[in-house]
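S.K.: One structure, as structure tokens, below. Some questions next.
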Amino acid sequence: MKLTDRQQEILALVKEQEPMTGDDIANKLSLSRATIRPDLTILTMLGFLGARPKVGYYYEGDTSDFKYMSQVQNVRVRDYMSMPVVLEEDSSIYDGVVTIFLENIGTIFVTSNGDLVGCVSRKDLLRATIGKLALEVTPLSLIMTRMPNIICISPDDTIYEAAKKINAHHVDALPVIEKQGDKNKVIGRITKTNITRVFVELGGLYE
Ligand code: ADP
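In terms of the working numbering, the sequence shown opens at residue 3 and continues consecutively.
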């Protein structure tokens with residue numbers, strides 16, 4: 003595998019000026035953060051760059067297969083998460099079902115004034131629809147899995163940690179949360195689909 007000109011440029015820049023945040027690098031190259039994101043991911047996964055939350059990227063130097071594998075653990079949730087789909091706890095089960103179809107997702111995160119209080123999955127909703135509940139007037143809060151039992155992940159955690167949690171707890175999705183005062187604000191979601199994407203990108207590096 004050969005690095006592109008831009009990836010080599012990034013490497014030279016970080017080697018000289020480490021640590022650098024993604025924004026610093028983008029600014030120096032007069033590119034947007036979104037444009038260089040795939041390059042940073044590849045350089046991190048290959049072990050050329052290291053990444054520390056709140057510090058930035060630093061030069062790691064030469065690489066080997068072993069190092070490449072260990073860099074799998076350097077891919078951050080923040081860079082691969084999807085937009086969360088969130089409903090307030092007094093939304094109806096009917097709204098939940100409609101949302102699952104409209105947004106083409108499997109898990110809805112439930113909030114109370116912006117604070118994560120629970121989640122409902124496809125099967126939670128399916129179960130409710132075969133019961134005797136009045137779907138349009140029964141709130142999601144009645145059927146949701148509640149905090150503190152929600153398995154969450156932070157944007158600075160690694161995708162590897164997210165995958166381990168998804169496996170260990172047999173769930174399809176994790177809310178990505180950020181503390182805001184005493185509230186847990188949902189800023190993203192990580193699902194098995196996101197994990198698969200990383201896996202495929204990683205495999206593609208050796209094709
Ligand atoms: P499904 O129920 O459609 O198969 P999941 O396997 O994700 O989807 O959900 C299984 C159960 O775990 C559901 O009752 C759901 O409310 C709950 N659940 C889903 N995601 C989480 C999570 N991140 N933390 C805790 N519980 C969850």
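Here a beta-carbon is modelled for each residue, glycine too, at the ideal position from N, C-alpha and C.
Would you give the residue range spanned by the alpha helix (DSSP H) that Val77 belongs to?
M.R.: Residue mapping note: residue 77 aligns to position 75 of the sequence shown, counting from 1. That residue, Val77, is in no alpha helix (DSSP H); it is neither H nor E in DSSP.
S.K.: Cutting at 6 angstroms between CB atoms, please list the residues of its own chain near Asn76, excluding the five before and the five after it.
M.R.: For the purposes of this step, residue 76 is taken as residue 74 along the sequence shown, with counting starting at 1. Listed in chain order, the non-local C-beta contacts of Asn76 below 6 angstroms within the same chain comprise Thr46 and Ala53, local neighbours out to five positions each way being set aside.
S.K.: Which same chain residues, not among the five before or five after Tyr61, have their C-beta less than 6 angstroms away from its C-beta?
M.R.: Along the sequence shown, read from residue 1 onward, the residue named residue 61 stands at position 59. Beyond the five residues adjoining it in sequence on each side, Tyr61 comes within less than 6 angstroms, by CB distance, of Val16, Lys17 and Glu20 in the same chain, given in chain order.
S.K.: Counting only runs that start and end within the stretch 129-209, where is the beta strand (DSSP E) found for 3 or more residues in a row?
M.R.: Listed in chain order, the complete beta strand (DSSP E) runs (minimum 3 residues) inside the stretch 129-209 are 175-182 and 185-193.
S.K.: Are there any heavy atoms of the ligand ADP lying less than 6 angstroms away from the beta-carbon of Val88, as far as the coordinates show?
M.R.: What you label residue 88 is simply residue 86 of the sequence shown in a count that begins at 1. Incorrect: Val88 has no Cβ contact closer than 6 angstroms to the ligand ADP.
S.K.: Opposite Arg39 in the DSSP bridges: which residues?
M.R.: Along the sequence shown, one-based indexing puts residue 39 at 37. Answer by DSSP bridge pairing: none, since Arg39 is not bridged.
S.K.: Helix or strand or just coil, what does DSSP make of Ile110?
M.R.: Numbered from 1 along the sequence shown, position 108 holds the residue referred to as residue 110. Ile110: strand per DSSP, three-state reduction.
S.K.: Where Glu105 and Gly63 are concerned, what is the direct C-alpha to C-alpha distance, given to the nearest angstrom?
M.R.: Walking along the sequence shown from the start, residue 105 turns up at place 103. Walking along the sequence shown from the start, residue 63 turns up at place 61. CA-CA distance, Glu105 to Gly63, rounds to 43 angstroms.
S.K.: What is the residue span of the alpha helix (DSSP H) that Glu11 lies within?
M.R.: For the purposes of this step, residue 11 is identified with residue 9 of the sequence shown, where counting begins at 1. Residues Asp7 to Gln19.
S.K.: Name the residue from Asp25, Met22, Thr23 and Pro40 whose alpha carbon lies nearest to the alpha carbon of Arg8.
M.R.: Numbered from its first residue, the sequence shown carries residue 8 at position 6. That would be Pro40, whose Cα lies nearest to the Cα of Arg8.
S.K.: Going by the DSSP bridge assignment, what does Tyr82 pair with across the sheet?
M.R.: If you number the sequence shown from 1, residue 82 lands on position 80. Answer is none; Tyr82 lacks a bridge partner.
S.K.: Can you have a look at Gly190 and say buried or exposed, based on whether 16 or more other CB atoms are within 10 angstroms of its CB?
M.R.: By 1-based counting over the sequence shown, the position of residue 190 is 188. Buried, since its Cβ has 16 or more Cβ neighbours within 10 Å.
S.K.: Gly49 lies in the beta strand (DSSP E); which residues open and close that run?
M.R.: As a working note, residue 49 is residue 47 in the sequence shown. Unbroken run through Gly49: none, as it is neither H nor E.
S.K.: Around the Cβ of Val57, are there at least 16 other Cβ atoms within 10 angstroms (buried) or fewer (exposed)?
M.R.: Position 55 of the sequence shown holds residue 57. Per the 10 Å Cβ criterion, exposed.
S.K.: Once the 5 residues before and after Leu13 are set aside, which same chain residues still bring their CB inside 8 angstroms of it?
M.R.: The residue given as residue 13 occupies position 11 in the sequence shown. Leu5, Leu45, Phe50, Leu51 and Tyr61, listed in sequence order.
S.K.: Grab the span of the beta strand (DSSP E) containing Gly120 for me, first residue to last.
M.R.: Residue 120 sits at position 118 when you count from the first residue of the sequence shown. Looking at the DSSP string, the run of the beta strand (DSSP E) that includes Gly120 is Asp117 to Ser123.
S.K.: Can you confirm whether the stretch 191-201 touches the stretch 112-121 when touching is taken to mean that 3 or more C-beta pairs between the two stretches lie within less than 8 angstroms?
M.R.: Two segments are said to touch when three or more pairs of C-beta atoms, one from each, lie closer than 8 angstroms; by this definition the stretch 112-121 does not touch the stretch 191-201.
S.K.: If Ile179 and Leu142 are in contact, beta carbons under 8 angstroms, what's the gap, nearest whole angstrom?
M.R.: By one-based count along the sequence shown, residue 179 stands at place 177. By one-based count along the sequence shown, residue 142 stands at place 140. Wrong, their Cβ atoms sit about 18 angstroms apart, outside the cutoff.
S.K.: Can you tell me whether Gly58 is helix, strand or coil according to DSSP?
M.R.: Against the sequence shown, residue 58 aligns to sequence position 56. In this structure, Gly58 counts as strand in the three-state DSSP scheme.
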